[in-house]
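Have a look at the structure below, then the notes.
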Amino acid sequence: MARKYELKRRAIRQDATRQKIVSAAVDLHCSVGPMRTSILAIAERAGVERPTVYRHFPTLDALHDASAARFRAANPFPDPGLWSEIADPEARLRRGLSEIYEFFDRLAPALWNILRDIEDTPSLQRIWAEHAADWDRMRETLAVPFNGSGVRRERLDAALRHAVDFFAWRASRRHGLSNDDIVDLMAGMVRGL
Numbered sequence: 001m002a003r004k005y006e007l008k009r010r011a012i013r014q015d016a017t018r019q020k021i022v023s024a025a026v027d028l029h030c031s032v033g034p035m036r037t038s039i040l041a042i043a044e045r046a047g048v049e050r051p052t053v054y055r056h057f058p059t060l061d062a063l064h065d066a067s068a069a070r071f072r073a074a075n076p077f078p079d080p081g082l083w084s085e086i087a088d089p090e091a092r093l094r095r096g097l098s099e100i101y102e103f104f105d106r107l108a109p110a111l112w113n114i115l116r117d118i119e120d121t122p123s124l125q126r127i128w129a130e131h132a133a134d135w136d137r138m139r140e141t142l143a144v145p146f147n148g149s150g151v152r153r154e155r156l157d158a159a160l161r162h163a164v165d166f167f168a169w170r171a172s173r174r175h176g177l178s179n180d181d182i183v184d185l186m187a188g189m190v191r192g193l
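The end of the sequence shown is residue 193 by full-length UniProt numbering, with every number in the run present.
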């Protein structure tokens, strides 16, 4: 009986250590970016030794997966299902973009640090590809009530890809536009097609 109790306590301690490591990784990935985060920095922040990090996460992919899952659970993407109830195309677009830009605004430093590293990091590209379907669903939900086919539909798709792009939003914010201004700008672009 004592052996079973000790194994359970050990499993609880191991899980707590794993959670500390994941929390440290998320904090560092958000503050400096995944590629500027060393295993040593994660270990120091988690209060463990480097070998402990490697024991829990033998590969960088495993660490990135755990970090992404934690970040995603704490910061769910906007839900386009709610936008589907809005029949008016521009009202739906404005509501969706407002929610997306609030999400970007709340997480801007973290998103910048993470998304900046994706292009050069295969494990991050894989993780982002898994989430890209969610962003495609948002864009498609915004596109549904707009009429058009052929070239017009291609342009609408391109405009909406731009409208839901973090880097396009960030550039507009850096040029002094508020979220409401950016919604107006993007709605005007789509309306002009």
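By construction, the Cβ of each residue, glycine as well, lies at the ideal position given by its N, Cα and C atoms.
A straight line joining the alpha-carbon of HIS56 with that of ILE12 spans about 14 Å.
Judged by pairs of C-beta atoms under 8 Å, the segment 78 to 95 does not touch the segment 58 to 70, as fewer than three such pairs exist. Under a 10 Å Cβ-count criterion, ASN147 is classified as exposed, with fewer than 16 other Cβ atoms of the shown protein chains found around its own Cβ. For the alpha helix (DSSP H) assignment, the uninterrupted runs of no fewer than 4 residues enclosed by the segment 117 to 178 are, from N- to C-terminal side, 122 to 143, 150 to 163, 166 to 174. Excluding its 5 nearest sequence neighbours in each direction, PHE166 has C-beta neighbours in its own chain below 7 Å: PHE104, LEU111, LEU115, listed in chain order. When the Cα atoms are used, ASP180 and ARG174 turn out to be separated by approximately 14 Å. At the C-beta level, ARG50 and LEU40 come within 8 Å of one another.
Shown here, THR52 sits in a helix according to DSSP, grouped into three states. The continuous alpha helix (DSSP H) containing SER67 extends over residues 60 to 74. Where GLU44 is concerned, the enclosing alpha helix (DSSP H) starts and stops at 39 to 46. By the C-beta density criterion, ARG139 is buried, having at least 16 other C-beta atoms within 10 angstroms.
Between the alpha carbons of ALA159 and GLU44 lies a gap of roughly 44 Å.
The C-beta distance from MET186 to LEU97 rounds to 6 Å, short enough to meet the 8 Å contact threshold. Put simply, the backbone Cα of VAL26 is about 18 Å away from that of GLN14. The Cβ-Cβ distance between ASP117 and GLY33 falls below 8 Å.
With fewer than 16 other Cβ atoms from the protein chains shown falling within 10 Å of its own Cβ, HIS131 counts as exposed. Taken through DSSP and simplified to helix, strand or coil, ASP79 comes out as coil. Here the C-alpha atom of VAL183 lies approximately 6 Å from the C-alpha atom of ARG94.
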